[in-house]
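Written below as structure tokens is the structure these notes are about.
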Amino acid sequence: MALRINDSEFYAIDAHSHLGRRKTPLGHGVASFLGEDLVRNLDEAGLDCAVAFPLGASYTDYSEANQIMAEEMAKFPKRIISFCRINPNFGPEATAKALDHCLGTLKLRGIKLHPEIEFFDPNEAELMEPIYDAARRYHVPIIFHTGMSSKASPGVIAELAAQHKDVPVILGHMGVSEYVKLAVAVARQNENIFLETSVVGWMPLLLEAFRGVGTSKILFGSDHPYNPLAMEVEKIAKHVTKAAKLKQDDLKKVFADNFLSILKHDR
Ligand SMILES: [Zn+2]
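Residue 110 is where the sequence shown starts when you use the working numbering, and the numbers rise one by one after that.
See the structure below:
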């Protein structure tokens, strides 16, 4: 499996996808999407591997969903890197316990947080400290949903991320639209903050990010199955590559090496 861009082949990782089951389809119509579905779609798109976390759900501590993430990663260890999803509103003690279980026992490889769906403030130290603490102890990154709401502003996230320089923090969707400039600014200011490409769809903003922070701090992501993999791959592999004049080395970094170095900084 390899991604072909301009006659070269690249090992390619999607840094943002979702897996899980819901009783009824929500939002984008996805009720069940599991490892075999993801791997089939990765094959179709020419991608080697995907980082996956639970689908968003109404009020839950994600314990069942996180168990599914471990099971699906065990079925496809070379294709799926599972992160846990945490709802900080259950309180610092519950968060610390859940993270010890997810990162220690289930060996999940990172933490996904969604400030809007889970409705918390990512600069609220009491709720967030156990999360940064677990990320540091288990040497895993945190990925935040960013954009579409002031709760998920890169500026608010950066307040605590800046105090935890040893924890890699990925800004999922790099702010989507009106928060992209802020995402670029905080990624420039903080060595541990990275940008992920899914969902943002206006070329001038994408180019501002690629030019503003450079290809060493950008990770390819799709937000599959909400967005089609092929659409998100083409956005970067074809259109950004052409407009930003990306070279082989840049594409290697964006499609795999940056994410691999974030994972490795630790293990
Ligand atoms: Zn997502």
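We treat Cβ as the ideally placed atom computed from N, Cα and C, and that holds for glycine.
With 16 other CB atoms within 10 Å as the buried threshold, where does HIS348 fall?
Walking along the sequence shown from the start, residue 348 turns up at place 239. Counting Cβ neighbours within 10 Å, HIS348 comes out exposed, since fewer than 16 surround it.
Do TYR288 and SER262 come within 8 Å of each other at the CB atom, strictly closer than that value?
By 1-based counting over the sequence shown, the position of residue 262 is 153. By 1-based counting over the sequence shown, the position of residue 288 is 179. For SER262 and TYR288, yes; Cβs fall inside 8 Å.
Skipping 5 residues on each side, what residues in its chain have a beta carbon closer than 6 Å to that of PRO239?
As a position in the sequence shown, residue 239 is number 130, starting the count at 1. Only PRO201, THR204 and ALA205 meet the Cβ criterion.
Report, in whole angstroms, the separation of the C-beta atoms of PRO250 and PRO277, which I expect to be a contact under 8 Å.
As a working note, residue 250 is residue 141 in the sequence shown. As a working note, residue 277 is residue 168 in the sequence shown. With 8 Å as the limit, PRO250 and PRO277 qualify as a contact, their Cβ atoms being about 4 Å apart.
Buried versus exposed, by CB contacts within 10 Å (16 or more), GLU181
Translated into positions along the sequence shown, residue 181 becomes position 72. So GLU181 ends up on the buried side.
Name the DSSP beta bridge partners of PRO118, please?
Along the sequence shown, read from residue 1 onward, the residue named residue 118 stands at position 9. The question names Pro, yet the displayed sequence has Glu at residue 118. Paired residues: ARG113.
Got a sec, what are the start and stop residues for the beta strand (DSSP E) LEU304 sits in?
As a working note, residue 304 is residue 195 in the sequence shown. Element bounds for LEU304: 302-305.
GLY138 classed as buried or exposed, judged by whether at least 16 other C-beta atoms fall within 10 angstroms:
Taking the sequence shown and counting its residues from 1, the one referred to as residue 138 is at position 29. With fewer than 16 other Cβ atoms within 10 Å, it is exposed.
Local Cβ density within 10 Å of ASN198, reported as buried at 16 or more and exposed below that:
In the sequence shown, residue 198 corresponds to position 89, counting from 1. ASN198 comes out exposed.
Whose C-alpha, out of THR214, GLU343 and ALA161, is nearest the C-alpha of PRO124?
Position 15 of the sequence shown, counted from the first residue, corresponds to residue 124. The sequence shown places Ala at residue 124, not Pro. Measuring from the Cα of ALA124, the nearest candidate turns out to be ALA161.
DSSP-derived helix/strand/coil call for VAL293
Along the sequence shown, read from residue 1 onward, the residue named residue 293 stands at position 184. It is helical.
Can you tell me the Cβ-Cβ gap for ILE195 and ILE220, rounded? I've got them flagged as a contact below 8 Å.
Reading the sequence shown from its first residue, position 86 is the one you call residue 195. Reading the sequence shown from its first residue, position 111 is the one you call residue 220. Indeed, because the Cβ distance is near 6 Å, the residues count as touching under 8 Å.
Enumerated in chain order, which unbroken segments of the beta strand (DSSP E) with a length of 3 residues or greater are wholly contained in the region 124-186?
139-142 and 158-163
Is ASP146 a contact residue of ligand 1, with contact defined as CB to any heavy atom under 7 Å?
Taking the first residue of the sequence shown as 1, we reach residue 146 at position 37. No, ligand 1 has no heavy atom inside 7 Å of this Cβ.
On the three-state DSSP scale, how would you describe PHE253?
In the sequence shown, counting from the first residue as 1, residue 253 sits at position 144. DSSP places PHE253 in strand when its eight states are reduced to three.
Which residue marks the beginning of the alpha helix (DSSP H) containing PRO285, and which one marks its end?
Looking up residue 285 in the sequence shown gives position 176. Note that residue 285 is Val in the sequence shown, not Pro. That residue, VAL285, is in no alpha helix (DSSP H); it is neither H nor E in DSSP.
How would you write the range of the alpha helix (DSSP H) that SER370 sits in, first residue to last?
One-based indexing of the sequence shown puts residue 370 at position 261. Where SER370 is concerned, the enclosing alpha helix (DSSP H) stretches over 367-373.
Close beta carbons around ILE371, own chain, < 6 Å, minus the five adjacent residues each side
Numbered from its first residue, the sequence shown carries residue 371 at position 262. Around ILE371: PRO250 and PRO277.
Residues near GLU268 by beta carbon distance below 6 Å, same chain, minus five either side:
Indexing the sequence shown from 1 puts residue 268 at position 159. Once the five neighbours on either side are set aside, the close Cβ partners of GLU268 are ASN232.
Kindly say whether GLU300, judged by its beta-carbon, lies nearer than 8 Å to any beta-carbon of chain D.
In the structure shown, chain D does not exist; there is a single protein chain.
Using 10 angstroms around the beta-carbon of ALA318, count the other beta-carbons present and answer buried if the total reaches 16, otherwise exposed.
Walking along the sequence shown from the start, residue 318 turns up at place 209. ALA318 is buried by the Cβ-count criterion.
Output needed for GLU227: all residues of its chain with C-beta closer than 6 Å, excluding positions within five of it in sequence on either side, in chain order.
As a first step, residue 227 must be located in the sequence shown, where it is residue number 118. Result list for GLU227: ASN196, in chain order.
Where ILE266 sits in the DSSP three-state scheme:
Taking the first residue of the sequence shown as 1, we reach residue 266 at position 157. ILE266: helix per DSSP, three-state reduction.
For ILE302 and VAL309, which I take to be in contact (beta-carbon distance under 8 Å), what is that distance rounded to the nearest angstrom?
In the sequence shown, counting from the first residue as 1, residue 302 sits at position 193. In the sequence shown, counting from the first residue as 1, residue 309 sits at position 200. So it is not a contact: roughly 16 Å between Cβ atoms.
Helix, strand or coil at LYS221 [DSSP, three-state]:
Sequence index remark: in the sequence shown, residue 221 carries index 112 (1-based). DSSP places LYS221 in strand when its eight states are reduced to three.
In this structure, how does DSSP classify LEU338 when only helix, strand and coil are distinguished?
The count along the sequence shown starts at 1 and reaches residue 338 at position 229. The answer is helix: DSSP assigns LEU338 an H, G or I state.
Could you spell out the range, first to last residue, of the beta strand (DSSP E) harbouring ILE190?
As a working mapping, residue 190 is identified with position 81 in the sequence shown. Note, ILE190: beta strand (DSSP E), 189-191.
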